[in-house]
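Asks: Sequences listed follow chains A and B, in order.
Quick note on numbering: the first sequence equals residues 1 to 333 in this note's numbering.
Quick note on numbering: the second sequence equals residues 334 to 666 in this note's numbering.
Every residue, glycine too, gets a C-beta built ideally from N, C-alpha and C.
2 protein chains.
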Amino acid sequence: MKAGEDKLVQRIVKALAPEGGPWLPLGVGDDAALLTPRRGYDTILTCDWFLEGTHFLPGKHPADSIGWKCLARALSDIAAMGGEPRCFLLSLALPGKLALKEKGRGTGWLDEFLDGLRRAARRFRCMLAGGDTTQRREILINVTVVGEVLAGRAVLRSGAKAGDRIFVSGTLGEAELGLQKLRQGARVSPRNDRALRKHLYPEPRLPLGQWLADRKLAGSMMDLSDGLSSDLPRLCAASAVGARIHVAQIPSPKVPLSASRRFDALSLALNGGDDYELLFTVSANNAPRIPHSFQGIALTEIGEVTREQRVVMAQQDGTTKPLLPRGWDPFRK
Amino acid sequence: MKAGEDKLVQRIVKALAPEGGPWLPLGVGDDAALLTPRRGYDTILTCDWFLEGTHFLPGKHPADSIGWKCLARALSDIAAMGGEPRCFLLSLALPGKLALKEKGRGTGWLDEFLDGLRRAARRFRCMLAGGDTTQRREILINVTVVGEVLAGRAVLRSGAKAGDRIFVSGTLGEAELGLQKLRQGARVSPRNDRALRKHLYPEPRLPLGQWLADRKLAGSMMDLSDGLSSDLPRLCAASAVGARIHVAQIPSPKVPLSASRRFDALSLALNGGDDYELLFTVSANNAPRIPHSFQGIALTEIGEVTREQRVVMAQQDGTTKPLLPRGWDPFRK
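1. Measuring only the C-alpha atoms, how far is Gln-316/A from Phe-421/B?
2. Does the distance from the CB of Gly-272/A to the CB of Gly-227/A come in under 7 Å?
3. Name, in chain order, the residues that DSSP records as bridge partners for Phe-50/A.
4. To the nearest angstrom, report how far apart His-61/A and Leu-200/A are at their CA atoms.
5. 7 Å is my cut-off, CB to CB: does Met-460/B come that close to chain A?
6. For the alpha helix (DSSP H) holding Ser-502/B, just list the boundary residues, first then last.
7. Taking only three categories from DSSP, how would you classify Phe-113/A?
8. Taking Cβ positions, are Phe-331/A and Glu-338/B nearer each other than 7 Å?
9. Run the CB neighbour count on Asp-214/A, radius 10 Å, all protein chains shown included, and call it buried at 16 or more, exposed below.
10. As a quick exercise: from Gly-83/A, Asp-275/A, Ala-74/A and Gly-82/A, pick the residue whose alpha carbon is nearest that of Ser-91/A.
11. Give the range of the alpha helix (DSSP H) segment to which Arg-419/B is assigned.
12. Cα separation between Leu-357/B and Val-342/B?
13. Could one say the Cβ of Phe-446/B lies closer than 7 Å to chain A's Cβ atoms, at least one of them?
14. Counting only beta-carbon atoms, is Asp-497/B nearer than 7 Å to chain A?
15. If you measure from the beta carbon of Gln-543/B to each beta carbon in chain A, is any gap under 7 Å?
16. Should Trp-211/A and Asp-465/B be called a contact, given that it needs their Cβ atoms to be closer than 7 Å?
17. Please report how far the alpha carbon of Glu-634/B lies from the alpha carbon of Val-615/B, in whole angstroms.
18. In this structure, what does DSSP give as the bridge partners for Leu-299/A?
19. In the DSSP output, which residue or residues are listed as bridge partners for Lys-161/A?
20. Measure the CB-CB distance between Gly-327/A and Ser-252/A and report whether it falls below 7 Å.
21. Please go through the same chain and pick out, in chain order, the residues whose beta-carbon is closer than 6 Å to the beta-carbon of Ala-581/B, but skip the five residues on each side of it.
22. Does the CB of Ser-229/A have a neighbour CB from chain B at under 7 Å?
23. Have a look at Leu-324/A and Ser-267/A and give me their C-alpha separation to the nearest angstrom.
24. What is the DSSP secondary structure of Met-127/A, reduced to helix, strand or coil?
25. With three or more beta-carbon pairs closer than 8 Å as the criterion, would you say the segment 484-493 of chain B touches the segment 564-572 of chain B?
26. Check whether the Cβ of Gly-40/A lies closer than 7 Å to any Cβ atom in chain B.
27. Given a threshold of 16 other Cβ atoms within 10 Å of its Cβ, counted over all protein chains shown, does Gly-318/A qualify as buried or as exposed?
28. With a floor of 3 residues, list each beta strand (DSSP E) that falls wholly inside the segment 572-635 of chain B, ordered by position along the chain.
29. Looking only at its own chain, which residues have a Cβ that is under 7 Å from the Cβ of Arg-622/B, when we skip the five neighbours before and after it?
30. Could you tell me the boundaries of the beta strand (DSSP E) in which Lys-654/B lies?
31. With which residues is Val-312/A paired in a DSSP beta bridge?
32. Ordered along the chain, which non-local residues of its own chain (more than five positions away) have a Cβ less than 8 Å from that of Ala-265/A?
33. Thinking Val-638/B and Ala-576/B are a contact (beta carbons under 8 Å), I'd like their distance in whole angstroms, please.
34. Do we get a CB-CB distance below 7 Å when we pair Met-646/B with the residues of chain A?
35. Distance check for Ala-195/A and Gly-185/A, CA to CA, integer angstroms please.
36. Where Gly-20/A and Gly-480/B are concerned, what is the direct C-alpha to C-alpha distance, given to the nearest angstrom?
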């Protein structure tokens, strides 16, 4: 007779089918996971909350998006260091009716969740190594990802220097636009809607991050999870520099005419969270080596690093104003 | 003007004062933590939920015990592999009033929590490397610990063989007795009460685990977190063996006479959770090499591994009965 928690763990293991192999001598089922580090590499560690009500709404977000995104957003931190993923730990707290199979009932949510998680794990080559489960009224998720990067090659937030050019990947604010559509109950499939797809199934920019790190092109880098206006000041603070960005250069989403009264493309691009694009700086010498796109993802120069420790935005009329942090902050009042 | 989350992170970093050094080139404050693995060692990874209402009661558990225990219980998994701790990631979700300092108000809980966590981090030499924070109505904690063990020397659950002797460290059921005292509002200081101390400030058996692994004495090992009756069958299942334990040999707590009508020492020892003692098997040849105590912690032989895949308990009259899993299971109905 198996206990309830053991049954849940078995369902997770079955769904994610962790493969053994030289990179993961011991998977789920022991007190802890074991990993043989690759010689000459540093280990990267990151973890992320993904909580019902705070980060997703079970009534609005499909279970397979919750599975995909809980891993994808943690992987984005690996991308931001220029690393490659190795394995992850899944901490999952669920209501009993979602966790346990009862004669065909109540299995839908967990199966769909695990399906989304499995697709992300395979797509980004990051295998389940362990985790923890418990019962809870609300769905609580925490994901720890372990990655690796050639020793000394990780790209930090602290490497920006005055005169460097500032770049971002992709289009900023799209995920926020997608969230707004979801909230308003837009009856549209993510297949046909770029913004919705970006919100539900973000793609961590792993190949781009690795390319920038391998070629030593990025002096500093971070991922955009809370929005440019909140994240750029963090990069500047870590590097003890400032920044000037140019309004006209910020890649903002196309807001459909029908929504243009509610959404302003620039505000979305500055303050929208959940984009998981990369923000990085490149020396003026190397800036011409950055292509306009990488594997289909636009790379855009949006400004430059300044000695003066302020973050400002140059308007189209030539005046500047401070960039205020208005991105996602769970403790905002 | 710092955002709320950045302020909270600063308070955590200040309290835990992560020290840099060759073992942790990059601490808190970047997208992820970086760690240089020691050559010739495997990396151990484990994570643990610690949730208000499920694992602790804020009205009953002192904040510094919550801080100590959230790390100590994850470290117990490192002990169970025979490893040594290196660093941890703290995921913390808190009500705003606990997280943010407001003119001297509301700082007590977080300061005490961080104080307990700091004491455990120093005691067990496990430094903060990163984490994630958010706001939440209830206190949610998830801790990931990274440890190391000499390559190939980790002790797994799967190594028990028929004929091996089964040992446990310490006294089983003490922590459960302590929890019952706490629930009943016992007005006693943990300084003067062994059971309460064990429940509030458990000591992961790290030196013992390392000693057993280094000398290749333990063929299999796990930590007792849910109770012997639930955990021993897990070790047996992983090793495809059974076990016979002897009632008379199980180290059970001294139940005060005043509580003896409510608590039965044997039930506490079999089914009580949160002990964080080690359960391990030793070949019959090596069993005499196991001392009666290690650094003041009793080591007790409680039975033997059997070929037949059942877990039974030999009574004092010589009869046996099945050991049913009655330890902690969050999904028990």
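Replies: From the atom records:
1. For Gln-316/A and Phe-421/B, the distance between alpha carbons rounds to 47 Å.
2. Taking 7 Å as the Cβ cut-off, Gly-272/A and Gly-227/A qualify as a contacting pair.
3. Partner(s): Ile-141/A.
4. The alpha-carbon atoms of His-61/A and Leu-200/A are separated by roughly 8 Å.
5. No, its Cβ sits nowhere closer than 7 Å to a Cβ of chain A.
6. Run containing Ser-502/B: none in the alpha helix (DSSP H); it sits in the beta strand (DSSP E), 498-502.
7. Residue state, collapsed to three classes: helix.
8. Yes, the pair counts as a contact, with Cβ atoms nearer than the cut-off.
9. Under this definition Asp-214/A is an exposed residue.
10. Taking only the C-alpha atoms, the option nearest Ser-91/A is Ala-74/A.
11. It is not in any alpha helix (DSSP H) - Arg-419/B instead sits in the beta strand (DSSP E) that spans 417-427.
12. Confidence at Leu-357/B is low in this model, with a pLDDT of 46, below 50, so the placement of that residue is unreliable and no value is reported for it.
13. No, no contact with chain A.
14. For Asp-497/B, the answer is no, since every Cβ of chain A falls outside 7 Å of its Cβ.
15. By this cut-off, Gln-543/B is not an interface position.
16. No, these two residues do not count as a Cβ contact at 7 Å.
17. Rounded to whole angstroms, Glu-634/B to Val-615/B spans 10 Å at the Cα level.
18. The partner list for Leu-299/A (beta bridge, DSSP) reads Ser-169/A.
19. Lys-161/A is not bridged to any residue.
20. Taking 7 Å as the Cβ cut-off, Gly-327/A and Ser-252/A do not qualify as a contacting pair.
21. Taking C-beta separations shorter than 6 Å and ignoring five residues to either side along the sequence, the partners of Ala-581/B in its chain run Gln-649, following chain order.
22. Judged by the 7 Å Cβ criterion, Ser-229/A is not in contact with chain B.
23. The straight-line gap separating the alpha-carbon atoms of Leu-324/A and Ser-267/A is approximately 11 Å.
24. Residue state, collapsed to three classes: strand.
25. Yes, since at least three Cβ pairs between the segment 484-493 of chain B and the segment 564-572 of chain B fall closer than 8 Å, the two stretches touch.
26. It does not: the Cβ of Gly-40/A has no partner Cβ on chain B nearer than 7 Å.
27. The residue in question, Gly-318/A, is exposed, as its Cβ has fewer than 16 Cβ neighbours within 10 Å.
28. Runs of the beta strand (DSSP E) inside the segment 572-635 of chain B: 575-579 and 610-615.
29. Excluding residues within five positions, the ones whose Cβ falls inside 7 Å are Leu-550.
30. It spans 653-655 - the beta strand (DSSP E) in which Lys-654/B sits, taken as one unbroken run.
31. The partner list for Val-312/A (beta bridge, DSSP) reads Arg-244/A and Pro-322/A.
32. These residues qualify, in order along the chain: Gly-173, Ser-252, Pro-253, Lys-254 and Val-255.
33. Separation of the CB atoms of Val-638/B and Ala-576/B is rounded to 6 Å, and the pair is thereby assigned contact status at 8 Å.
34. False, the Cβ-Cβ gap to chain A never drops below 7 Å.
35. Cα to Cα, the separation comes out at about 14 Å.
36. Because the pLDDT at Gly-20/A is just 49, under 50, the model does not fix this residue reliably, and the point stays unresolved.
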